[in-house]
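Residues 536 to 624 (the numbering used here) make up the sequence shown, in order.
Quick reminder that beta carbons are idealized off the backbone N, C-alpha and C, glycines included.
The structure under discussion appears below in the form of structure tokens.
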Amino acid sequence: MSKCPNCNYELVLLEHRQKYKCPKCSRLYPQIEIERRDFVEFNKRHKGKQIRKSFMESLTNKNSLLNIRRNKMLKLHLRDGMKIIRRKC
Ligand SMILES: [Zn+2]
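Have a look at this one:
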């Protein structure tokens, strides 16, 4: 339901006039204007969720990448360590 930009009361659509009317403050708004505003707000909310979701996903992806790198580094260190030990012997 669309809300009145002035008093936040629920608007009533006057279909024959293509306008929304607020029963509380009796203001009239063009239907297209209210629907465009609702669409923009919906998009904002939806985008916010999407960004948070992809941020969380990128975090977990980075974590797994870091883990892979760490494991590779550990293996390299171990191998180098073994080489040094062998040389010394
Ligand atoms: Zn109003």
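Compute every distance between the C-beta of residue i and the non-hydrogen atoms of ligand 1, then say whether any falls below 7 Å.
{"i": "Lys584", "result": "no"}
Just to confirm, does residue i get its C-beta within under 7 Å of one of the non-hydrogen atoms of ligand 3?
{"i": "Thr595", "result": "The model on display carries ligand 1 but not ligand 3."}
Using the C-alpha atoms, what's the distance from residue j back to residue i?
{"i": "Tyr564", "j": "Val575", "result": "16 Å"}
{"i": "Lys579", "j": "Leu611", "result": "47 Å"}
{"i": "Arg614", "j": "Ile620", "result": "10 Å"}
{"i": "Leu609", "j": "Asn596", "result": "20 Å"}
Q: Please determine if the region 558-570 and the region 539-549 are in contact, where contact requires at least 3 C-beta pairs separated by less than 8 Å.
A: yes
Q: May I have all residues whose beta carbon comes closer than 7 Å to any heavy atom of ligand 1, sorted in chain order?
A: Cys539, Asn541, Cys542, Tyr544, Cys557, Lys559, Cys560 and Arg562
Q.
Between the region 582-601 and the region 562-573, can you find at least three pairs of beta-carbon atoms closer than 8 Å?
A. no
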